[in-house]
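Down below is the structure, laid out as structure tokens.
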Amino acid sequence: MDVKDFFDRLGMNGSRWQWRVMRWERQLRDLRSGGTLNGTGSATRILLGINLLLFAMMVIRGVFAGQGLSPLFNPDGYLLVRFGAQYWPLAIVEGEWWRCITYAFTHGGLIHLGFNMMVLYQIGPMIEAEIGTLRFVSLYVLTALTATLAGLGWQAFYLGQWVTVVGASGSLFGLIGFAITYFHRVGGTTAHTWRNQMLRWAAIAFVFGLVIGADNAGHLGGAVGGALFGLVLPLGIRGRQVLRPLFNGLGVACILVTVASLLMLVASWLF
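What follows is the structure, given as structure tokens:
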């Protein structure tokens with residue numbers, strides 16, 4: 034459809050709505066061609082906003098429940114589960130599979146949130162600009178899934194008990210794992226500098242996770258998932274064009290699954 038001709042027929046040529054729709058049309062074309070939405074790092078900003086909003090809502094809920102400011106730094110298990118934490122008995126027995134996504138937007142305190150959002154803010158825009166918004170969203174969501182599945186295996190076969198898991202770190206390790214393999218394949222001084230920096234970040238984060246008792250199984254699952262994504266993503270223009278429908282479809286599916294999971298989380302508060 035010719036947007037300009039459509040608005041001309043309505044007598045709205047040059048209107049604010051015409052330019053707005055034409056801008057959306059350009060952004061949609063950019064997404065389909067592997068570009069970014071509304072400039073560099075837009076999906077990163079949306080992810081940051083969702084994480085911050087959900088944390089703020091959790092803290093407010095805790096304050097109104099009479100917990101004071103303790104949810105700001107150390108929310109209890111009830112609050113975490115209510116606001117989307119992964120707890121496998123609820124996912125498996127109660128059918129709350131949406132927790133496989135929502136846990137990656139829930140955080141166990143201001144320090145936890147601040148550290149993860151700092152990492153996302155620093156490396157998210159760079160990777161999104163490199164591979165495009167839809168591929169970036171696919172990477173982020175799929176590695177959240179590989180991270181929580183690794184955590185499932187760890188809890189079921191090693192720990193022998195179920196624990197509550199929250200945080201975006203599985204997806205962040207996915208971004209790091211992706212950057213390591215992808216930029217290694219790209220080659221060149223700049224790409225290898227990024228690869229080496231991501232290797233250092235991964236090593237420091239794994240050691241830090243061991244010290245504080247973090248979910249390193251989830252971290253490893255996210256990193257491996259991201260590394261595999263970096264190995265299969267085509268580098269050349271021709272390869273990307275051939276597989277563009279596949280990755281575009283995957284990106285749209287990941288967006289829909291994420292939105293549906295967040296809506297089901299909200300519905301769980303109401304019913």
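The numbering used here applies: residue 34 is where the sequence shown begins, and numbers increase by one. Virtual Cβ for every residue (Gly too), placed ideally from N, Cα, C.
Through-space distance from G254 to L175, alpha-carbon basis | Within the sequence shown, numbered from 1, the residue matching residue 175 stands at position 142. Within the sequence shown, numbered from 1, the residue matching residue 254 stands at position 221. If I take the Cα positions, the gap works out to 11 angstroms.
Kindly indicate which three-state DSSP category Q119 falls into: helix, strand or coil?
-> Along the sequence shown, one-based indexing puts residue 119 at 86. Note: Q119 maps to strand in three-state DSSP.
Within the same chain, show all residues whose beta-carbon is closer than 6 angstroms to that of T73, passing over the 5 residues directly before and after it, in chain order.
-> Taking the sequence shown and counting its residues from 1, one reaches residue 73 at position 40. Reliability fails at T73, whose pLDDT of 49 lies under 50, so the model's placement of it is uncertain and no value is given.
Taking C-beta to C-beta, are S204 and L283 nearer than 7 angstroms?
-> Indexing the sequence shown from 1 puts residue 204 at position 171. Indexing the sequence shown from 1 puts residue 283 at position 250. For S204 and L283, no; Cβs fall outside 7 angstroms.
Does the Cβ of M91 have 16 or more other Cβ atoms within 10 Å, making it buried, or fewer, making it exposed?
-> Taking the first residue of the sequence shown as position 1, residue 91 is located at position 58. It is buried - the Cβ of M91 has at least 16 other Cβ atoms within 10 Å.
According to the Cβ coordinates, are T25 and V199 closer than 7 angstroms?
-> What the structure shows of the chain is the stretch from 34 to 304, and residue 25 is not part of that stretch, so it cannot be assessed.
For M231, the three-state DSSP class (helix, strand or coil) | Counting from 1 along the sequence shown, the entry for residue 231 is found at position 198. In this structure, M231 counts as helix in the three-state DSSP scheme.
Where does T73 sit, in a helix, a strand or coil, going by DSSP?
-> By 1-based counting over the sequence shown, the position of residue 73 is 40. Low per-residue confidence applies at T73: pLDDT is 49, beneath 50, and the placement is therefore not dependable enough to give any value.
Environment of N84 [buried if 16+ CB atoms lie within 10 Å] = Position 51 of the sequence shown, counted from the start, is the residue given in the question as residue 84. Label assigned to N84: buried.
Identify, in the order they occur along the chain, each residue of the same chain with its Cβ nearer than 7 angstroms to the Cβ of V276, setting aside the five sequence neighbours on each side.
-> Residue mapping note: residue 276 aligns to position 243 of the sequence shown, counting from 1. The residue asked about is misnamed: residue 276 is Leu in this sequence, not Val. Taking L276 as the centre and dropping the five residues before and after it, the same chain places the C-beta of P267 closer than 7 angstroms to its C-beta, in chain order.
Starting from V96, follow its DSSP beta bridges and name the residues at the other end.
-> For the purposes of this step, residue 96 is identified with residue 63 of the sequence shown, where counting begins at 1. Answer by DSSP bridge pairing: none, since V96 is not bridged.
Expected contact under 8 angstroms - CB spacing of T197 and V285 to nearest Å = Sequence index remark: in the sequence shown, residue 197 carries index 164 (1-based). Sequence index remark: in the sequence shown, residue 285 carries index 252 (1-based). With 8 angstroms as the limit, T197 and V285 do not qualify as a contact, their Cβ atoms being about 31 angstroms apart.
6 angstroms Cβ shell around G184 - same chain, five flanking residues per side excluded | The residue you call residue 184 lines up with position 151 of the sequence shown. Cβ neighbours of G184 within its own chain (closer than 6 angstroms, five residues either side excluded): V198, D248, A250, G251.
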